[in-house]
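Asker: If you want the working numbering, it's the position in the sequence shown, counting the first as 1, plus 158.
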Amino acid sequence: MGFDDVTGARAVRAVESPLESARFGRTVERLTVPADSGASFSEVREAILDSAADVVVLRYPAEHVGWFARLTCLGRTAVFADSLVYWRLHAGKGHAPEPSADLRVTGLAAPTTVRKLVSSVFGAYGNHYLANPLLDPDAALAGYREWALRSAAEDGCLALECRGVAGEEPQMAGLATLEEGTRTEILLAGVISELQGRGLYAHLLKAVEDRTLARGAAEVVISTQGHNTRVQRAWARYGFEPVLTLLTVHLVRSPLPRERDPSPPARER
Numbered sequence: 159m160g161f162d163d164v165t166g167a168r169a170v171r172a173v174e175s176p177l178e179s180a181r182f183g184r185t186v187e188r189l190t191v192p193a194d195s196g197a198s199f200s201e202v203r204e205a206i207l208d209s210a211a212d213v214v215v216l217r218y219p220a221e222h223v224g225w226f227a228r229l230t231c232l233g234r235t236a237v238f239a240d241s242l243v244y245w246r247l248h249a250g251k252g253h254a255p256e257p258s259a260d261l262r263v264t265g266l267a268a269p270t271t272v273r274k275l276v277s278s279v280f281g282a283y284g285n286h287y288l289a290n291p292l293l294d295p296d297a298a299l300a301g302y303r304e305w306a307l308r309s310a311a312e313d314g315c316l317a318l319e320c321r322g323v324a325g326e327e328p329q330m331a332g333l334a335t336l337e338e339g340t341r342t343e344i345l346l347a348g349v350i351s352e353l354q355g356r357g358l359y360a361h362l363l364k365a366v367e368d369r370t371l372a373r374g375a376a377e378v379v380i381s382t383q384g385h386n387t388r389v390q391r392a393w394a395r396y397g398f399e400p401v402l403t404l405l406t407v408h409l410v411r412s413p414l415p416r417e418r419d420p421s422p423p424a425r426e427r
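1) Enumerate, from N- to C-terminal direction, the unbroken beta strand (DSSP E) stretches of 3 or more residues contained entirely within the region 207–287.
2) For residue 378, which residues does DSSP report across the bridge?
3) So which of 359, 208, 160 has the shortest CA-CA distance to residue 170?
4) Taking only three categories from DSSP, how would you classify residue 314?
5) Rank 271, 351, 389 by C-alpha distance to the C-alpha of residue 428 and give the top, closest one.
6) CB residue 383 to CB residue 241, shorter than 8 Å?
7) Using only CA atoms, which one of 199, 213, 190 lies nearest to residue 414?
8) Taking 8 Å as the threshold (C-beta atoms), are residue 217 and residue 190 in contact?
9) Which partner residues of residue 337 appear in the DSSP bridge assignment?
10) By how many angstroms is the C-alpha of residue 258 removed from the C-alpha of residue 160?
11) Grab me the residues of residue 306's own chain with a C-beta within less than 6 Å of its C-beta, minus the 5 sequence neighbours each way, in chain order.
12) Just mark residue 412 as buried or exposed, buried being the case when its beta carbon has 16 or more other beta carbons within 10 Å.
13) So, with DSSP's three-state summary, where would you put residue 332?
14) Please report how far the alpha carbon of residue 231 lies from the alpha carbon of residue 266, in whole angstroms.
15) For residue 264 versus residue 311, is the C-beta spacing smaller than 8 Å?
16) If we ignore side chains and look at the alpha-carbon of each, how far apart do residue 174 and residue 182 end up?
17) Quick test of your reading: residue 289 and residue 238, contact by CB under 8 Å. State the CB separation rounded to the nearest angstrom.
18) Assuming residue 337 and residue 314 make a contact with CB atoms under 8 Å, what is their CB distance in whole Å?
19) Shortest alpha-carbon distance to residue 251 belongs to which of 408, 402, 363?
20) If the criterion is Cβ atoms closer than 8 Å, does the pair residue 184 and residue 215 meet it?
21) Rounded to whole angstroms, how far is the Cβ of residue 279 from the Cβ of residue 350, which I believe are closer than 8 Å?
22) Around the Cβ of residue 426, are there at least 16 other Cβ atoms within 10 angstroms (buried) or fewer (exposed)?
23) Taking the alpha-carbon of residue 342 as reference, which of 224, 246, 164, 219 has the nearest alpha-carbon?
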């Protein structure tokens with residue numbers, strides 16, 4: 159979900175999500191309440207009641223702390239699915255790392271490499287789909303791969319290449335996929351699991367900032383799940399600032415499956 163979708167003043171309505179519906183085998187609609195829309199809960203309520211989708215993925219500004227309790231009374235199962243936190247950088251103000259002769263940023267289009275990088279970077283990422291037992295986690299990861307492949311096909315993907323030891327091929331260390339308009343929005347970004355914690359992520363952010371400045375844009379935005387504090391610390395070190403938090407709720411028509419209690423029944427006395 160792009161930054162433009164969560165800001166401004168737009169009508170509150172549920173929108174079909176064909177890709178998610180096909181991916182999960184259930185009809186999915188998205189309902190986003192933009193931060194500046196001034197929408198009331200009654201508008202959200204009517205949009206939900208009008209929906210026939212199996213799952214409505216609702217996102218709304220976190221300051222509406224009382225809405226979740228009211229969502230539980232609309233005839234659907236309300237599944238709290240974490241929060242989405244947006245951060246912003248004024249391009250040219252980032253705390254860029256020192257250049258490294260062992261690192262190089264390239265454009266990336268090879269589908270096999272994109273899939274491999276996304277699987278490594280996001281294989282353990284706690285995205286909002288994992289809150290909903292009706293949605294297959296493997297299908298969610300496949301969705302991230304498809305998302306990255308679309309960006310790569312549109313020249314919106316950067317790869318971080320790490321030089322190996324002499325005689326060995328360079329290693330692809332991470333990637334960033336972008337949506338570029340009046341600002342640059344980083345859709346997906348990360349370093350592969352075995353190279354995390356080595357300061358490489360900042361070099362990826364610098365490449366995005368440099369590309370943003372080169373095309374005359376002035377802002378970079380990025381988002382993640384609220385629980386992902388590790389990457390938010392990296393953004394803060396680089397110079398990003400938090401600007402917006404949305405809560406995510408899945409509203410499900412059918413009852414959720416019950417987990418079997420593994421403990422044996424208590425003996426009668």
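All residues carry an ideal CB built from backbone N, CA and C; glycine is no exception.
Answerer: Reading off the structure:
1) Taking only runs of at least 3 residues, the beta strand (DSSP E) segments lying wholly in the region 207–287 are 213–219, 235–248, 261–265.
2) Mapped onto the sequence shown, residue 378 falls at position 220. Residue pairing by DSSP places residue 378 opposite 247, 342 in a beta bridge.
3) One-based indexing of the sequence shown puts residue 170 at position 12. Of the listed residues, the one whose Cα sits closest to residue 170 is 208.
4) Translated into positions along the sequence shown, residue 314 becomes position 156. Residue 314 falls in the coil class under three-state DSSP.
5) The requested residue 428 does not occur in the structure, where the chain is confined to residues 159 to 427.
6) The residue given as residue 383 occupies position 225 in the sequence shown. The residue given as residue 241 occupies position 83 in the sequence shown. In terms of Cβ geometry, residue 383 and residue 241 form a close pair [threshold 8 Å].
7) Start at 1 with the first residue of the sequence shown, and residue 414 comes out as number 256. Nearest of 199, 213, 190 to residue 414, Cα basis: 213.
8) Position 32 of the sequence shown holds residue 190. Position 59 of the sequence shown holds residue 217. Against a cut-off of 8 Å, the Cβ pair of residue 217 and residue 190 comes out as a contact.
9) For the purposes of this step, residue 337 is taken as residue 179 along the sequence shown, with counting starting at 1. Answer by DSSP bridge pairing, in chain order: 343.
10) By 1-based counting over the sequence shown, the position of residue 160 is 2. By 1-based counting over the sequence shown, the position of residue 258 is 100. So the alpha carbons of these two residues sit roughly 32 Å apart.
11) Start at 1 with the first residue of the sequence shown, and residue 306 comes out as number 148. Exclusion of the five residues before and after residue 306 leaves 272, 276, 335, 346 as the residues of its chain whose Cβ lies within less than 6 Å of its Cβ.
12) Residue numbering aside, residue 412 sits at position 254 when the sequence shown is read from its first letter. An exposed status is given to residue 412, since fewer than 16 other beta-carbon atoms sit within 10 Å of its beta-carbon.
13) Along the sequence shown, read from residue 1 onward, the residue named residue 332 stands at position 174. DSSP places residue 332 in strand when its eight states are reduced to three.
14) Numbered from 1 along the sequence shown, position 73 holds the residue referred to as residue 231. Numbered from 1 along the sequence shown, position 108 holds the residue referred to as residue 266. Between residue 231 and residue 266, the alpha-carbon positions lie close to 47 Å from each other.
15) Position 106 of the sequence shown, counted from the start, is the residue given in the question as residue 264. Position 153 of the sequence shown, counted from the start, is the residue given in the question as residue 311. No; because the gap between Cβ atoms is not below 8 Å, this pair is not in contact.
16) Numbered from its first residue, the sequence shown carries residue 174 at position 16. Numbered from its first residue, the sequence shown carries residue 182 at position 24. Looking at the backbone, the Cα of residue 174 and that of residue 182 are separated by about 14 Å.
17) Sequence index remark: in the sequence shown, residue 289 carries index 131 (1-based). Sequence index remark: in the sequence shown, residue 238 carries index 80 (1-based). Contact flag correct, Cβ pair sits at about 7 Å.
18) To locate residue 337, count along the sequence shown from 1; it is residue 179. To locate residue 314, count along the sequence shown from 1; it is residue 156. 7 Å between Cβ atoms; contact.
19) Here residue 251 corresponds to residue number 93 of the sequence shown, with the count starting at 1. Out of 408, 402, 363, 363 has the C-alpha closest to the C-alpha of residue 251.
20) Taking the sequence shown and counting its residues from 1, the one referred to as residue 184 is at position 26. Taking the sequence shown and counting its residues from 1, the one referred to as residue 215 is at position 57. Their beta carbons are not under 8 Å apart, which means residue 184 does not touch residue 215 by this criterion.
21) Position 121 of the sequence shown, counted from the first residue, corresponds to residue 279. Position 192 of the sequence shown, counted from the first residue, corresponds to residue 350. Between residue 350 and residue 279 the Cβ distance is about 6 Å, and since that is below 8 Å, they are a contact.
22) Stepping through the sequence shown from its first residue, residue 426 is reached at position 268. Since pLDDT at residue 426 reaches only 45, below the 50 mark, its modelled position is unreliable, and no value is offered.
23) For the purposes of this step, residue 342 is identified with residue 184 of the sequence shown, where counting begins at 1. The shortest C-alpha separation from residue 342 is found at 246.
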